[in-house]
Structure formats: structure tokens, C-alpha cells
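Chains as they are written, first to last, in the working numbering: chain A, 2 to 225; chain B, 2 to 225. Remarks on the structure that follows.
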């Protein structure tokens, strides 16, 4: 029975990593669609998101079944309740990718504003944070998770710079306002992806150290 | 033991309702600060959000303790795992109120763009949805929860109208762009509050009927 439960936990980890991989790749696809002005690719994102939604339901069920049948305690109980949260976060990553894809579709119908620089960088950082957070989760690696909390600052920095750049653009040429706002909304969606990765990293520290990083910003940069 | 467990569940419900009330009132306060151009009131929002964060940790612990010590199954297990999700959603409502309060502070330092009409309406709808969703949760009332899923359309409608209005304003007067974007971001935060209320309503239908509304948009308007 013990060995069997371990196998079930490993399966749960694998399904979570699979879902994480899908969430990461759907964000990349949305940004590719935006960069290449490819509305067919943007439409694929919406289909991919349905597959992520299906995974959410499957993994939720898996967690609830484990709680009911195995009645875990301690570290295992923390792991499963955290998995429930993380699945929720990953599903939201998919939703943000859909928002970005919708912006990509709108923008593909308008003249190009200017080549994208900061948005692809933000996307790379945000999805890397997501992968690292999930890896830290399955390896129960609090040190790696703490590292992610710092990376979030980089994404915020890019977002602010993009905002200022677009703003001066829009003030100069009011006919760029609609497109500029659309790009600002894209950057907010990427910021939210990074925030969700941060949530996951906080969960990891929480279950690994059974102490609370959440809501204690001052501890982010200096582990006690 | 059975009676005691019921009492613990009732306490959990009470704490959730308290947290929900706080989340609702902090959104109202942020919108009041925006309307009255009152940056001191906006600063209060940030303090109030810390109290909400504390409640999140307390209720999380309560849920995990109940899972570990009582090892519930069936409806009770669903209720507690759903409570974990809902607490997460309510904490995010607080974060959205903080974002709105930060916008209010920025806007209070600039001349008024125009009197707010759609934003207060959006706030009223979004917070009403939140209260109704939590009420439906503690009463396990799937019919009431289904009703909330429809209300979300109203918030989306207001958001789109506001966007169009502000856009034509900004195109006409480029010196209003910064303020216009800030108000658009406020409306996106309110939209997210309504989405979080929708999430909660979906959980209610899920635990009440043990079937899945999530990701099946076509069922929203016509319960089978």
C-alpha cells in the first residue's frame, strides 16, 4: 500500500509537469503569433487552452481521490493541497495565453506599430520562471524556489519600461493608441504569468520549509 | 466527534464569510478613493489588504488541519478543498483592490479626466457577484450560483463600453492618454474581481451537483 501511494504521488507529479509544459508552450505560441502577426497560430492557442482545461479537471479529480482514499498527513497532505492550488494557477496561465492570442488577432489586422523587443523578453522570463517553479515543486527544492521570487523583479522592470516607451509613442501619434493599449494589455498578461509562477514558488517554500513566505515580501531577498 | 466536526465546518464557513466581506469592502474603498480623489483612503486599502492576507493564511491552516485530523470524505472533502481554492480567490480580490488603490493615488495627483460612471457600476456588479457567490457557497445553493455566471456578462459589457468611450477621448486629446490608460487598467481589475466571483460560483455548482460547469461555457445560460 505504501509503495502504491508513492506511485500515485509520482503520477501526480508527472501530470503536473505535463500540464506545466503545456501552459508554458501555449504562452510561447501566443507570443509567436503576436510577433509573426499570424492569426491562424493565435487560433491554435484557444484550442490548446481547452486541452489545458481538461488536464485541470483530471488532476483536480486525482488530488481529491488521493485525499479521500489515502487520507495523507504531514508532507504528503501539504503536497496534495498545494498541487490543487498549482493546477489552478496553471489553468490561469492558459487563460492569459488566450488573452494574448486575442490581442495578437486584433493586432494582425492593423499595421505594425514597431518591432517587439521587451514583450518577447518578458515572455521568456515569465515562462522560465514557470518551468523553474514547477521543477522546484516536484523536487521540493526551496532554495531554487526562493531564487524565482527575485526574478519577478526583472519582469516588472521590463513591463514598466515598455509602458513608458509605448506611452511616449501614443502621445506623439494618437493613431497608435488602440494598438499601444493592446500591447500594454499583453504585457500585463505576461506580468500575471510571472506572478502565478511566483505563487507556485511560494507554495514550494511553504511545503518544503513549512513556513510562510507568502505576504512577507521583506524576506524575499534575504533568506533568514 | 461528529458534532464537533460540524462545528469546525461552521467556523470555517464563518471565517470564509468574514474574509469575503473584507474583500468586498476593500474593493469598495478603493473605488471610493478613486471617485473622491482621496489618496489617504487609497493608502488604507493597502493596510486592509494585509489583514486579508493574514486571514488567508489562517483559513488555509484551518482547512489543512481539518483534512489531516478529520480525514473527511464525500461532500465534506469537496467543501474543504473548494474552500482552499476560494480563499486563494479572495486573496486575489484584495490584490486587485490594491492595484485600483495605486491607480487612484496616481490619478489623484492629476487633473480629473471626467466624472466616473461605468467604473462605479462595474464595481457594484463585481462586488455583488462576490457576495452572492460566497452566500451560494455556504448555503450550497447551485441555482443561485448559476445565476451569478450570467451576471458576468453585464460586467464585460460595461468594460467594453468604457474602453470605447475612453479610447475616443484619448484620440481626441492625447494629453489624457496616461489617465485614460490608468482607468482602463482599473476596469480590468474590476473585470478580474468578477471573474474570481465566477470561479467561486463554478466551485459551488461543482460541489453541489458534483458535476462540472467549469470550461463548459455553453451550459451557463441553460441549466440542463
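Ideal Cβ placement from N, Cα and C applies to all residues, glycine included.
To test your reading of the DSSP string, which unbroken alpha helix (DSSP H) runs of 4 or more residues are found completely within the region 167-211 of chain A? 178-210
How far does the alpha helix (DSSP H) with residue 100 of chain A in it extend, from its first residue to its last? Numbered from 1 along the first chain, position 99 holds the residue referred to as residue 100 of chain A. Here the alpha helix (DSSP H) through residue 100 of chain A covers 75-109.
Is residue 50 of chain A helix, strand or coil by DSSP? Within the first chain, residue 50 of chain A is the residue found at index 49, counting from 1. Of the three classes helix, strand and coil, the one that applies to residue 50 of chain A here is helix, per DSSP.
Can you grab the Cα-Cα spacing for the pair residue 196 of chain B / residue 113 of chain A, in whole Å? If you number the second chain from 1, residue 196 of chain B lands on position 195. If you number the first chain from 1, residue 113 of chain A lands on position 112. Approximately 31 Å between the Cα atoms of the pair.
Report the neighbours of residue 179 of chain B on chain A: residues whose CB is nearer than 7 Å to its CB, in chain order. Against the second chain, residue 179 of chain B aligns to sequence position 178. Chain A residues near residue 179 of chain B: 168.
Within 9 Å of any Cβ in chain A, is that where the Cβ of residue 141 of chain B sits? On the second chain, position 140 is the one that residue 141 of chain B refers to. By this cut-off, residue 141 of chain B is not an interface position.
Residue-chain proximity (residue 128 of chain B, chain A), Cβ-Cβ < 9 Å: Sequence index remark: in the second chain, residue 128 of chain B carries index 127 (1-based). Not closer than 9 Å to any Cβ of chain A, the Cβ of residue 128 of chain B fails to qualify, so no.
Would you verify that the beta carbon of residue 76 of chain B is, or is not, closer than 9 Å to some beta carbon of chain A? Position 75 of the second chain holds residue 76 of chain B. Closer than 9 Å: no.
DSSP state of residue 39 of chain A, grouped into three classes? To locate residue 39 of chain A, count along the first chain from 1; it is residue 38. The answer is coil: DSSP assigns residue 39 of chain A none of H, G, I, E or B.
When Cβ atoms are compared, which residues of the region 11-22 of chain B fall closer than 9 Å to chain A? none
Could you name the residues of the same chain whose beta carbon sits closer than 6 Å to that of residue 219 of chain A, not counting the 5 residues immediately before and after it, in chain order? One-based indexing of the first chain puts residue 219 of chain A at position 218. Here residue 219 of chain A scores only 43 on pLDDT, less than 50, and its place in the model is too uncertain to base an answer on.
According to DSSP, is residue 141 of chain B part of a helix, a strand, or is it coil? Here residue 141 of chain B corresponds to residue number 140 of the second chain, with the count starting at 1. In the structure shown, residue 141 of chain B sits in coil (DSSP, three-state: anything other than H, G, I, E or B).
Kindly indicate which three-state DSSP category residue 14 of chain B falls into: helix, strand or coil? For the purposes of this step, residue 14 of chain B is taken as the residue at position 13 of the second chain. Residue 14 of chain B: helix per DSSP, three-state reduction.
Can you check which of these residues, A/176, A/23, A/185, is closest to residue 93 of chain A by C-alpha distance? If you number the first chain from 1, residue 93 of chain A lands on position 92. Minimum Cα distance to residue 93 of chain A is reached at A/23.
Report the neighbours of residue 123 of chain B on chain A: residues whose CB is nearer than 7 Å to its CB, in chain order. Within the second chain, numbered from 1, the residue matching residue 123 of chain B stands at position 122. Here the premise fails: no neighbours, minimum Cβ distance about 17 Å.
Segment contact, 8 Å Cβ cut-off, at least three pairs: the region 160-172 of chain B with the region 132-147 of chain B: no
In chain B, which residues lie less than 9 Å from residue 65 of chain A when you measure between Cβ atoms? In the first chain, counting from the first residue as 1, residue 65 of chain A sits at position 64. Within 9 Å Cβ-Cβ: 78, 79, 82.
At 8 Å on the CB atoms, spell out the chain A contacts of residue 106 of chain B, in chain order. By 1-based counting over the second chain, the position of residue 106 of chain B is 105. Result: empty, since nearest Cβ-Cβ is about 16 Å, beyond 8 Å.
Best match in A/198, A/33, A/117 for proximity to residue 43 of chain A [C-alpha to C-alpha]: The count along the first chain starts at 1 and reaches residue 43 of chain A at position 42. Nearest option by C-alpha distance: A/33.
Give me the Cα-Cα distance between residue 223 of chain B and residue 207 of chain B, rounded to the nearest whole angstrom. Counting from 1 along the second chain, the entry for residue 223 of chain B is found at position 222. Counting from 1 along the second chain, the entry for residue 207 of chain B is found at position 206. Confidence at residue 223 of chain B is low in this model, with a pLDDT of 39, below 50, so its placement is unreliable and the value that follows should be read with caution. Taking the straight line from one Cα to the other gives about 16 Å.
Within a Cβ cutoff of 8 Å, which residues of the same chain sit near residue 111 of chain A, ignoring the five residues on either side of it in sequence? Locating residue 111 of chain A in the first chain gives position 110, where the first residue counts as 1. 179, 180, listed in sequence order.
How long is the line joining the alpha carbons of residue 41 of chain A and residue 117 of chain A, rounded to whole angstroms? What you label residue 41 of chain A is simply residue 40 of the first chain in a count that begins at 1. What you label residue 117 of chain A is simply residue 116 of the first chain in a count that begins at 1. Rounded to the nearest angstrom, the two C-alpha atoms are 19 Å apart.
Can you find a C-beta in chain B that's less than 9 Å from the C-beta of residue 34 of chain A? Position 33 of the first chain, counted from the start, is the residue given in the question as residue 34 of chain A. Cβ-Cβ to chain B under 9 Å: no for residue 34 of chain A.
Below 7 Å on C-beta distance, what does residue 72 of chain A contact in chain B? Mapped onto the first chain, residue 72 of chain A falls at position 71. Per Cβ cutoff of 7 Å: 72.
Per-residue contacts from residue 206 of chain B into chain A (C-beta, under 9 Å): By 1-based counting over the second chain, the position of residue 206 of chain B is 205. By Cβ distance, chain A contributes nothing, its closest Cβ being about 13 Å from residue 206 of chain B, past 9 Å.
Which residues in chain B sit within 7 Å of residue 172 of chain A, going by Cβ to Cβ distance? Taking the first residue of the first chain as position 1, residue 172 of chain A is located at position 171. Per Cβ cutoff of 7 Å: 175, 178.
Please report the distance separating the alpha-carbon of residue 61 of chain B from that of residue 194 of chain A. On the second chain, residue 61 of chain B is found 60 positions in, with the first residue counted as 1. On the first chain, residue 194 of chain A is found 193 positions in, with the first residue counted as 1. Their Cα atoms are separated by approximately 23 Å.
Since residue 120 of chain B meets chain A, which of its residues come closer than 9 Å, beta carbon to beta carbon? In the second chain, counting from the first residue as 1, residue 120 of chain B sits at position 119. Residues of chain A passing the Cβ test: none, with the nearest at roughly 16 Å.
Beta-carbon neighbours of residue 182 of chain A, restricted to chain B and to distances below 8 Å: Indexing the first chain from 1 puts residue 182 of chain A at position 181. Neighbours of residue 182 of chain A on chain B, chain order: 168, 182, 185.
Once you ignore the five residues that flank residue 130 of chain A on each side, which residues in its own chain have a CB closer than 6 Å to its CB? Within the first chain, residue 130 of chain A is the residue found at index 129, counting from 1. Cβ neighbours of residue 130 of chain A beyond the five flanking positions: 149, 152, 195, 198.
Residues of chain A with CB closer than 8 Å to the CB of residue 150 of chain B, please, in chain order. Residue 150 of chain B sits at position 149 when you count from the first residue of the second chain. Those within 8 Å of residue 150 of chain B in chain A number zero; the least Cβ separation is about 16 Å.
Thinking C-alpha only, which one of B/79, B/30, B/51 is nearest residue 205 of chain B? On the second chain, position 204 is the one that residue 205 of chain B refers to. Checked all of B/79, B/30, B/51; the closest Cα to residue 205 of chain B is B/79.
Can a CB atom of chain A be found closer than 9 Å to the CB of residue 68 of chain B? By 1-based counting over the second chain, the position of residue 68 of chain B is 67. Closer than 9 Å to some Cβ of chain A, the Cβ of residue 68 of chain B qualifies, so yes.
Give the straight-line distance between the Cα atoms of residue 136 of chain B and residue 177 of chain A, rounded to the nearest whole angstrom. Counting from 1 along the second chain, the entry for residue 136 of chain B is found at position 135. Counting from 1 along the first chain, the entry for residue 177 of chain A is found at position 176. Distance between the alpha carbons of residue 136 of chain B and residue 177 of chain A: 45 Å.
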